[in-house]
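One structure is given below, encoded as structure tokens.
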Amino acid sequence: MPQSDRPRSAGTSSREVLCQSIVVPLISESRRPATRLIIGLSGSGKTRLLHAVGNRLCEHGFTVVAGLRCTETDVDVLLIDDLDQLGDADLDALTELVYQGTHIVIAATRPRRRRSRLQSTIGALTREAPAVRLGALSHGEIADLVVQHADPALSPHVHELTAGVSCLVDAAVASLAAGPDGALPDAAVVREIRERLGTCTETELTVMALMTLGVDVGTTDVAEVLDLDFDRAAEVLDVVRCHGLLDGGDLLTAEVHRQAIATLGRRRTAQVERSLEELWRRNGGITTHLSAKLSADGVERSVDARLDEVAELIRAGTLTGVGGLLDALWPMVDDRQRVRATDLAAVTAQLNGHAERAACLTQWSSDHTSPDAIGSATRARWAVIAAAGGDLRDLGEFADPGLAGIGPQTSATVEVMVARGLASSMFGSSPAALHTLIRAAGIDRECAATRICADTAAATAALLAVHTGNLKRARTVLSRAPVADLPTYHSRRHQILLIWVALFEGDVEGAASELDALVETSGQSVVRPPRDALALAALRVAIARRRGDEAVILSVLPEAIDVLGEYTVDVFGLLFVGEIRMAAAQVGWSDRIATTVGDVARLIGQLGPSSQWSVIAHWHGVHAAINANAPTDVVPAAHALADAGRTNPYAAVLARAGRVWVEVLGGDVDIERVSSATRELEANGHIWDAARLAGQAALSASDTRTSGAMLQLARSHRVHSAATSAATPVQVRSAVAVLSEREREVANLLLSGITYRDIGERLFISAKTVEHHAARIRRRIGADTRSEMLTMLRAMHLGQDLAV
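Residue numbers (the working numbering): 317 to 1120.
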């Protein structure tokens, strides 16, 4: 359809208002020389408005001509279209004419900002009145046009399709007017875009393709990609913006991009987009969105681009498919890229609980990569990965202090300090190990958000702190980490470790609440890496064990064992594996994790007797034997603790406590020795174990005085080591004699985890009576809450005693 035959033009009513706003003052001023300026992007309707003003003035008797024919004395009005396309000489002439004040001058221009002469002319034209600026058409204006030719319900679609660009709205409305009912105007809009892009130069088309990638491309980017000087790049950008196709919504921008690269051609598109990718990678600005966009345009991404994509997936905690992406890259990598790919693959393996595979990857890469490509930071990083699986050979390089030869990068300093701290923790009992890791955590705060690693320095420091009984330092180092700035998998790891710290601090209910909140926040259906899944499953088991709720243990332990089946035991998971081991022994399921227990023993053997990480595993072995009622199995773990205790103060504390525990189980309860052992346990982060030892001593004591003293001691070590009031006569009786026969029966059933109603049915009493018995039991043993009551009863093994 010819332009003149088109339906009513886009924004006709609003343009009529603008036309009137220009014409009426000119008519009322009786041909007095004046100036008016219309500014709009290409396709905004400025030429149409200019001609409408001219026609209206002609109707009122004005002599109107188009152009700079100012020699005609009988001319009243000069209409100047495309002011921005005039040469400098014409602009100077027009400016002089305006200042002479002999004519009414009405001009239209695009908003070019880079031409000083044009800006001077615009300044002259807007002295009397501000410019009339044409923008996008509104929803209402588009609806007024659409309703004349089609279903009004199409108006939102037309607005989204065109973003209110006047020429595109014209094309859409014309299509609706000419087409059958219900036809969409999309093809007509695409044709209009293609026609307008056809007027662009190759340079302008190239810039248009870059500007519609959906990323912020600046003048310096354009200059470097197209090999232009800054001023020339700025001029091209100025022209491209004036084409009027860059300010639309996502739908229009995507269509302009498709048409731009189609017009430009695949080869040229690939050249410029790859140049932009390489530029942004050098400057550290590459994004997943840009990589995906380039891929969609058919640009074959470089190895570095694909490694960037893998890194972004890991940062987001999305590990699915990472292995496949890396597998496709191994044949294409050079030495530098192989180091980076190895780091990414090793981190993925660690997060998936495959420490052995991570170590194999780093060893393979070392064998196939030039030593020049493997710096001290990489060696440190890979030594830590190997050490996690028990191979300490490469870690020895970092046993000596000093930071010489590391290089200026902050991340490199962190890598070497973590390796040094870990080496100290493996080869001796010095507190310098934890101190070094905490210092590394302080530096890591500057780069942890970008450093790809399985654990932050803070997480490693916190784990060692828990393994050595320094709970306060564990909480402090985790709390100081900038969690909000960390990648998803790091922030989640920190949250999980903080819950473990709360648990060891004795706040069982607080840990349970924090665990519930974490799961609720992240969602039950979230697929977590096996490493985190193990830590969470072990947490549930540990909380149930401390609550003395065997029914819950039996319900959560199978999931923990299933997760354990996918996990390769490593140094940083010993804590979690140990909790599952002790719970399995308690319910008679030790055979189900026998393979894992064997793996733990082999790992500890590789670490050697000096490792600070092994101590907690020996303690777990002692308690697994106690829980399984297997006194002979206590001996190997107890001997290992005693051997470690010769040089390790923390191990010495646990060794002494272990000896006292064995004595108590044999009926030998010495108040001073038990009290000393429980105090040391509490001081070294084992509050719940301290209460349990005292409870066991109360049960094993042969006289009322000792039993009562041990019961009071158990209560003094309960949650948070809260201060207690003076002992009452009830609290100083024997742990068994303090309860009536019926209360013993109720206590036994309470520990089995069944409801008041079920207990009542078994004992032929009402649920209400059971509730009264439970309340009396709680008062008699000095527990403040039901949860505390169950914990104290379980710690004393009263349930087993009463069953007998």
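Even for Gly, the Cβ is constructed at its ideal location relative to N, Cα and C. Just so it is clear, the structure is predicted and the values come from calculations on it, not from any experiment.
State buried or exposed for H1088, treating a residue as buried only when at least 16 other CB atoms are found within 10 Å of its CB.
Counting Cβ neighbours within 10 Å, H1088 comes out exposed, since fewer than 16 surround it.
Using the DSSP secondary-structure output, state which residues sit across from L568 in a beta bridge.
Note: L568 sits in no beta bridge, so no partner.
Should G640 go down as buried or exposed, given a rule of 16 or more other Cβ atoms within 10 Å for buried?
Exposed is the call here.
Do you know offhand how far E520's Cα is from V556's?
Straight-line measurement puts the Cα of V556 at about 6 Å from the Cα of E520.
Considering only C-alpha positions, which residue in the set E875, D400 and S927 is nearest to I909?
Nearest of E875, D400 and S927 to I909, Cα basis: E875.
Just to confirm before moving on: does the CB-CB distance between A493 and V474 stay below 8 Å?
Not closer than 8 Å, so no.
Where do the N-terminal and C-terminal ends of the alpha helix (DSSP H) with I869 fall, by residue?
Element bounds for I869: E866 to G881.
Are there 16 or more other CB atoms within 10 angstroms of the CB of T837, so buried, or fewer, so exposed?
Exposed, because fewer than 16 other Cβ atoms sit within 10 Å of the Cβ of T837.
Who are the near neighbours of T685 in its chain, counting only those whose CB is closer than 7 Å to its CB and skipping five residues on each side?
Exclusion of the five residues before and after T685 leaves D651, R654 and V655 as the residues of its chain whose Cβ lies within less than 7 Å of its Cβ.
If you draw a straight line from the C-alpha of V887 to the C-alpha of W929, how long is it?
Rounded to the nearest angstrom, the two C-alpha atoms are 7 Å apart.
Under 8 Å between the Cβ atoms of L780 and L750?
Judged by their CB atoms, L780 and L750 are nearer to each other than the 8 Å cut-off.
Under DSSP, the beta strand (DSSP E) around V381 begins and ends at which residues?
Taken as a continuous stretch (DSSP letters only), the beta strand (DSSP E) holding V381 covers V380 to A382.
Just to confirm my understanding: we take L567, look at its own chain, exclude 5 residues before and 5 after, and list those with CB closer than 7 Å. What are they?
For L567, same chain residues with a beta-carbon under 7 Å away, outside a window of 5 residues either side, are E476 and L477 in chain order.
Contact test: G669 Cβ vs the ligand MN heavy atom, cutoff 7 Å:
Among the ligands in the structure shown, none appear at all, so the ligand MN cannot be discussed.
Buried or exposed: which applies to D710, given that a residue is buried once 16 or more other Cβ atoms fall within 10 Å of its Cβ?
By the neighbour-count rule (16 or more Cβ atoms within 10 Å), D710 is buried.
What would DSSP say about R352, mapped onto helix, strand or coil?
If DSSP states are grouped into helix, strand and coil, R352 belongs with the strands.
Quick check on A1090: does DSSP put it in helix, strand or coil?
A1090: helix per DSSP, three-state reduction.
Under the three-state reduction of DSSP, which class applies to T425: helix, strand or coil?
Three-state DSSP puts T425 in a strand.
L410, enclosing beta strand (DSSP E) - first and last residue:
It is not in any beta strand (DSSP E) - L410 instead sits in the alpha helix (DSSP H) that spans D404 to Q416.
Expressed to the nearest angstrom, what Euclidean distance is found between the alpha-carbon atoms of G534 and M742?
Straight through space, the alpha carbons of M742 and G534 are spaced by roughly 51 Å.
Can you tell me the Cβ-Cβ gap for S692 and V730, rounded? I've got them flagged as a contact below 8 Å.
Actually they are not in contact, since the Cβ atoms of S692 and V730 sit about 12 Å apart, beyond 8 Å.
Could you check which residue in V985, P496, G417 and P647 has the C-alpha nearest to that of T1020?
For the set V985, P496, G417 and P647, the Cα lying nearest the Cα of T1020 is the one of V985.
Closest to L1015 by C-alpha separation, out of G758, G712 and I987, would be which residue?
Per the Cα distances, I987.
Rounded Cβ spacing between G356 and R430 (contact assumed at less than 8 Å)
Not confirmed; about 18 Å, so no contact.
Do you know how far the Cα of H573 is from the Cα of D771?
The alpha-carbon of D771 is positioned some 41 Å away from that of H573.
Taking only the alpha-carbon atoms, compute the straight-line gap between E589 and T522 and give it to the nearest angstrom.
Distance from the CA atom of E589 to the CA atom of T522, rounded to whole angstroms, is 9 Å.
Take C335 as the anchor and find which of R347, R352 and D823 has the nearest alpha-carbon.
The residue with the shortest Cα to Cα distance from C335 is R352.
Excluding the 5 residues flanking C374 on each side, which residues of the same chain have their C-beta closer than 6 Å to its C-beta?
Within the same chain, C374 has close Cβ partners V380.
Exposed or buried, A696, counting other C-beta atoms within 10 Å across all chains shown (16 or more means buried)?
By the 10 Å Cβ count, A696 comes out buried.
If you follow the beta strand (DSSP E) that V393 is part of, which residue opens it and which one closes it?
Where V393 is concerned, the enclosing beta strand (DSSP E) stretches over V393 to I396.
Is the separation between the beta-carbon of V879 and that of R856 shorter than 8 Å?
A distance of 8 Å or more separates the beta carbons of V879 and R856.
Going by Cα to Cα distance, which pick from L470, L813 and A499 is closest to A853?
Answer by Cα proximity: L813.
Flag this pair as yes or no: are the beta carbons of G451 and P349 separated by less than 8 Å?
Going by C-beta atoms, G451 is not nearer than 8 Å to P349.
Rounded separation between S471 and R512 - CA only:
It is roughly 23 Å from the alpha-carbon of S471 to the alpha-carbon of R512.
Euclidean distance between Cα positions of R383 and L453
According to the sequence shown, residue 383 is Gly rather than Arg. C-alpha separation (whole angstroms): 29 Å.
Verify whether the separation of the beta carbon atoms of V421 and I396 is less than 8 Å.
Yes; because the gap between Cβ atoms is below 8 Å, this pair is in contact.
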